[in-house]
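At position 254 of the sequence shown the residue is numbered 254 (full-length UniProt numbering), and the sequence of numbers has no breaks. Idealized CB from N, CA, C, for every residue including glycine.
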Amino acid sequence: MGDDASFDRASRRTAAIEWWTRLDCRAPTPQEREAFVLWLTRDPANREAFEKVCRIWGDLEGLRPLIDEFEVRPPRRMRRVRVTAGLAGLAFALLSYVCFDDAWIMIWAQTRTGVAETRMVRLADGSRIELGPRSAISLDFDEGRRNVTLLRGEAWFDVAPDADRPFSVLVARGSVTSLGTSFDISTTGERTEVTVAQHRVRVMAGGPAIIVDEGEQSAFGPGVAAVDPYRVQVAHVTAWRRGKLIFDDRPLTEVVSVLGHYLRGYIVILDPSIRERRVSGVFDAAEPMAAISAIEKALGLRALDLGYLIVLTG
C-alpha cells in the first residue's frame with residue numbers, strides 16, 4: 001500500500017511537471033485546455049501539486065545552512081555553483097513543483113507571452129496592445145464596451161477612439177479607463193503601476209476615481225488605494241518596448257521581478273534584509289544574466305546559480 005501511495009505521488013508530480021512545461025511553452029489548444037481542467041479537477045491532490053509551490057517558496061530559508069557548501073568563482077563573474085548532493089535534492093524538490101499560483105491564467109488567457117517574448121496584438125476596433133514578457137490578457141468586447149483584463153505582467157495600450165464604447169483595462173483590485181490615451185500598465189501581486197504617455201486615464205482602485213495625465217503615474221496594491229499622480233520619465237517606464245530595462249532607485253525585489261520575465265527560470269531573494277536595497281541602472285533586456293552580475297557586484301551580493309534557479313543572498 002505504501003508503495004502504491006508513493007507511486008501515485010510520483011506520478012502526480014510528473015503529471016504536474018509535464019502540464020507546466022506544456023503550458024509554459026505555448027498557448028494551449030482547446031483540447032489541451034479541456035484535458036488540463038479534467039486532470040486538475042479529478043483529484044484535489046492534483047491541484048495541491050500546483051499549490052505546493054507556494055509553501056515551498058515560503059520554506060526557502062531552509063537553504064541558508066547549505067550556502068557555505070558552495071564553491072564559487074571569483075566575484076567579478078557570475079558565480080556558477082557546484083551543488084552538493086543535499087542541495088541538489090532540495091533544489092529538485094523545489095523545481096519539481098515549480099508553477100505559478102495563477103495556473104488558471106495560463107489556461108484562460110486569450111493571448112499571452114512567454115519568457116523574453118513581446119507581442120503586438122491588433123484589435124478589431126483599431127486599438128493596439130503590446131504585451132511584455134510573461135504577460136497575459138483576456139478580451140471582453142461587445143456593442144457597448146471594450147474591456148481588457150490584464151491577468152499578469154505588463155502591456156502598452158494605444159487606444160482607438162470610440163465615444164460609444166469605453167475602453168477599460170481591468171486588473172486585480174482596480175480598473176483603468178482610457179480617455180483618448182496611450183498608456184502602460186504593469187501589474188504584480190504586490191503593486192500595479194499606471195503610466196500615461198498621451199492624454200489621460202481614469203483610475204478606480206479602492207477609493208475615489210483619480211485622473212492621471214500625460215507624463216504621470218499612479219500606483220495601487222493590496223489594501224492601498226490609487227495614489228495621487230506623480231511625474232515620471234515615461235521613456236524609462238516604457239524602455240522595455242525598445243529592449244532596455246531602466247531602473248531609477250527601485251527596490252531589489254521589484255527589479256528581480258522584472259528580470260524574472262526575461263529568464264527561463266526563477267530568481268529568489270533568500271535574505272529578507274536585502275529585499276529593499278535600491279537599484280539604479282540601464283540594462284539590456286536580452287542579457288538578464290549580465291544585469292544580475294552587475295547588481296551582484298554593485299550591492300555586494302552573492303548570486304548562486306543553480307541552472308534553473310538563481311538564489312540571491314547578502
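Query                                                                                                        : Result
C54 to E48 span [Cα, whole Å]                                                                                : Residue placement at C54 is poorly supported in this model, since its pLDDT is 40, which falls under 50; the coordinates still yield a value, given next. Going from the Cα of C54 to the Cα of E48 covers about 10 Å.
Under 7 Å between C-beta atoms of G132 and W39                                                               : no
A155 classed as buried or exposed, judged by whether at least 16 other C-beta atoms fall within 10 angstroms : buried
Same chain only: Cβ atoms within 8 Å of A298, ignoring 5 sequence neighbours per side                        : V279, G281
Nearest-angstrom Cα separation, counted from L252 out to A290                                                : 15 Å
Rounded straight-line distance, which links the Cα of T29 to that of N46                                     : 21 Å
DSSP state of Y308 mapped onto helix, strand, coil                                                           : coil
Of the listed residues E214, G207, Q233, R231, nearest to G221 (C-alpha basis)                               : G207
Simplified DSSP assignment, three categories, for L66                                                        : Legend: pLDDT at L66 = 41, less than 50; position of this residue unreliable, no value from coordinates given.
Beta-carbon gap between V234 and T195 smaller than 7 Å                                                       : yes
C-beta atoms of T118 and L150 nearer than 7 Å                                                                : no
For I292, the first and last residue of its enclosing alpha helix (DSSP H)                                   : 288 to 299
Own chain residues within Cβ distance below 6 Å of A136, not counting five before or after                   : I105, A109, R112, L151, R152
Enclosing beta strand (DSSP E) for W156 [first to last residue]                                              : 145 to 158
Sufficient close CB pairs (3 or more, under 8 Å) joining the segment 257 to 271 to the segment 304 to 314    : yes
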